[in-house]
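Participant:
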Amino acid sequence: MAHPHNSLRWPAITARVTAGIFGAYAFTWGFAAAGVAALTGLGVAYHDAEMGVLMLAFLVFLGLFLWSFAAASIARVWAVLAGGAALLFTAAWAIQRAILS
Numbered sequence: 189m190a191h192p193h194n195s196l197r198w199p200a201i202t203a204r205v206t207a208g209i210f211g212a213y214a215f216t217w218g219f220a221a222a223g224v225a226a227l228t229g230l231g232v233a234y235h236d237a238e239m240g241v242l243m244l245a246f247l248v249f250l251g252l253f254l255w256s257f258a259a260a261s262i263a264r265v266w267a268v269l270a271g272g273a274a275l276l277f278t279a280a281w282a283i284q285r286a287i288l289s
């Protein structure tokens, strides 16, 4: 017979897996876009900036993925990942507009 508390764990596990995969991906993508744009704006060659930031992005994604399971509050995880992704995307957009104008 299944334990009644086991059915309550699946939504929490699903929320953490979703945050760990998709939330961390969005945050990391924003981090990479903002990092490449910032370094390019500072005069670093595009491909050098891209390579350096994308190597660092693997570690950022890993850290965020692991943190999404270790954090006490899933709401805090989603707030940091979604808010950080939005801020980083906005920063990347603004930096790219400044470079192109």
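To convert, count from 1 in the sequence shown and add 188; that's my numbering. Glycine included, every Cβ here is placed at the ideal spot set by N, Cα and C.
1) Inspect the beta-carbon positions of V265 and S256 and report whether they are closer than 8 Å.
2) Please check the pair G211 and L276, which I expect to be a contact at CB under 8 Å, by giving their CB distance rounded to whole angstroms.
3) When DSSP labels each residue in this structure, what does S256 get in the three-state scheme?
4) My output table needs one value for G231: the three-state DSSP class, helix, strand or coil.
5) Under the rule that 16 or more other beta-carbon atoms within 10 Å means buried, what is A223, buried or exposed?
Facilitator: Quick look at the numbers:
1) yes
2) About 12 Å separates the two Cβ atoms, so there is no contact after all.
3) helix
4) In the three-state scheme derived from DSSP, where H, G and I count as helix and E and B as strand, G231 is classed as coil.
5) Note that residue 223 corresponds to Gly in the displayed sequence, not to Ala. Buried, by the Cβ-count rule.
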